[in-house]
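Structure first, then comments.
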Amino acid sequence: MHTLQISIYVLGILIALALVFDFMNGFHDAANAIATVVSTGVLKPQTAVAMAAFFNFTAIFVVGLHVASTVGKGTIDPGIVDQYVIFGALVGAIAWNLFTWYYGIPSSSSHALIGGLVGAAVAKSGTSALVGGGLLKTVQWIILSPLMGFVFGSIIMLIVSWIFVRSTPRRVDKWFRRLQLASAAAYSLGHGGNDAQKTIGIIWMLLIAVGQVPVGDTAPPLWVVISCYTAISFGTLFGGWRIVKTMGQKITKLKPVGGFCAETGGALTLLIASHFGVPVSTTHTITGAIVGVGSAQKMSAVRWGVAGNIVWAWVFTIPASAFVAALAWWVGHHIM
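Under my numbering, the very last position in the sequence shown is 352; numbers go up by exactly one each time.
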């Protein structure tokens, strides 16, 4: 593969931009990790984000690097990667994250990044630059991740309801206020393990392109892994509060037992996806799980209009971020 020749300053700027996206990913998606535990009153917001940030980073010791490999080598042809493609992809993803955060829309940072890569790659080399297998897997999981979250969340809710059928509401609430701490930790572990790896994949792709890392390496440099997990953890720590209310109470009214079931269902989905190297959306996953929990109680418990608006944001994420990325790719040629 042709080695890209760029200055150390440009390389540093692109790596810094990738870490900014990683920070924004944690900032934007913090709501996914803490909305249920905050809205049920189990933890105060500051305590919840601190715990979520801690378990985001802890995932470095638990989850493998399969997702980073998919993003770094299985989305677009590594041979067409240059500073303009990476710049366009990151700007497209960051712009969409800022837009959806400002309006409190729980969209997917993961798919914003995938859309950014697609838009910048197509702007440079056309559709032949896309890796069909990797993108197909990502598109399949756009449907599968909320569906799995829905199924796991509703099944766990039904099982819990059956086990505690003779218990008083007060006793159930007392138990699940404690158990929700564990489920929130598990979800944050899955969130960090899946989302931090997307930025790892981007930096890994860039380092391969400039010849800093051999093409045949099966893992990125350790400093890249630590930097990305640190960035997403700090982003989570500062939390995107605008989205917490949408996720925690507007879709359905959650109690601690429902929060536990939604987080557990979401965590299972994320850990399964990370094991198979699929860059899924934590937003899609937890939304599906929350809807599943609400539906298990009664269909009218779910505010389907709110859920429908969220789905529309999902539909527009990849094309919108791809469009901005293509524009940013063009701008990059004039400023870099």
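We put the CB at the ideal spot given by N, CA and C, even for glycine.
A straight line joining the alpha-carbon of Leu-174 with that of Lys-271 spans about 15 Å. A Cβ-Cβ separation of about 18 Å leaves Gly-275 out of contact with Val-167 under the 8 Å criterion. Here DSSP, grouped into helix, strand and coil, assigns Leu-30 to helix. In the DSSP assignment, Gln-21 falls outside any alpha helix (DSSP H) and carries neither an H nor an E.
Contact annotation: Ser-125 and Asn-41 have beta-carbon atoms nearer than 7 Å. Annotation: the continuous alpha helix (DSSP H) that includes Asp-189 extends over 185–225. Inclusion of Ser-337 and Gly-132 in the CB contact set at 7 Å is warranted, their separation being smaller than that value. Boundaries of the alpha helix (DSSP H) harbouring Gln-62: 61–74, taken from the DSSP string.
In the pairwise beta carbon analysis, the segment 18–38 is classified as not touching the segment 153–168: fewer than three pairs are separated by under 8 Å. Leu-129 is positioned such that its CB atom lies closer than 7 Å to that of Lys-214. The beta carbon of Ala-278 sits closer than 6 Å to those of Thr-52, Gly-169, Ala-305, Ile-306, Val-309, all from its chain and outside the five residues before and after it, given in chain order.
Beta-bridge annotation (DSSP): Ile-92 is paired with Leu-146. The Cβ-Cβ distance between Val-340 and Ala-111 falls below 7 Å. Looking at Arg-193, Thr-301, Ile-216, Ile-29, the one whose alpha-carbon comes closest to that of Gln-99 is Ile-29.
When rounded, the separation of the alpha-carbon atoms in Val-101 and Trp-117 is 24 Å. Exclusion of the five residues before and after Gly-206 leaves Ala-283, Leu-286, Leu-287 as the residues of its chain whose Cβ lies within less than 6 Å of its Cβ.
Put simply, the backbone Cα of Ser-55 is about 18 Å away from that of Ser-311. Around the beta carbon of Lys-60, fewer than 16 other beta carbons lie within 10 angstroms, which makes this residue exposed. Here DSSP, grouped into helix, strand and coil, assigns Leu-106 to helix. The C-beta distance from Val-83 to Pro-295 rounds to 5 Å, short enough to meet the 8 Å contact threshold. When DSSP states are grouped into helix, strand and coil, Tyr-100 belongs to the helix group. Under the three-state reduction of DSSP, Gln-156 is assigned to helix. Looking at His-300, Val-240, Asp-211, Leu-114, the one whose alpha-carbon comes closest to that of Gly-293 is Asp-211. Assignment of Leu-133 by DSSP, reduced to helix, strand and coil, places it in the helix class. Note on Lys-153: 16 or more other CB atoms within 10 angstroms of its CB, so buried under the neighbour-count rule. Assignment of Tyr-118 by DSSP, reduced to helix, strand and coil, places it in the helix class.
Per DSSP, Leu-81 is not a residue of any alpha helix (DSSP H), being assigned neither H nor E. Around the Cβ of Asp-38, a 10 Å sphere holds 16 or more other Cβ atoms; the residue is buried. In the three-state DSSP reduction, Val-87 falls in the helix class (H, G or I).
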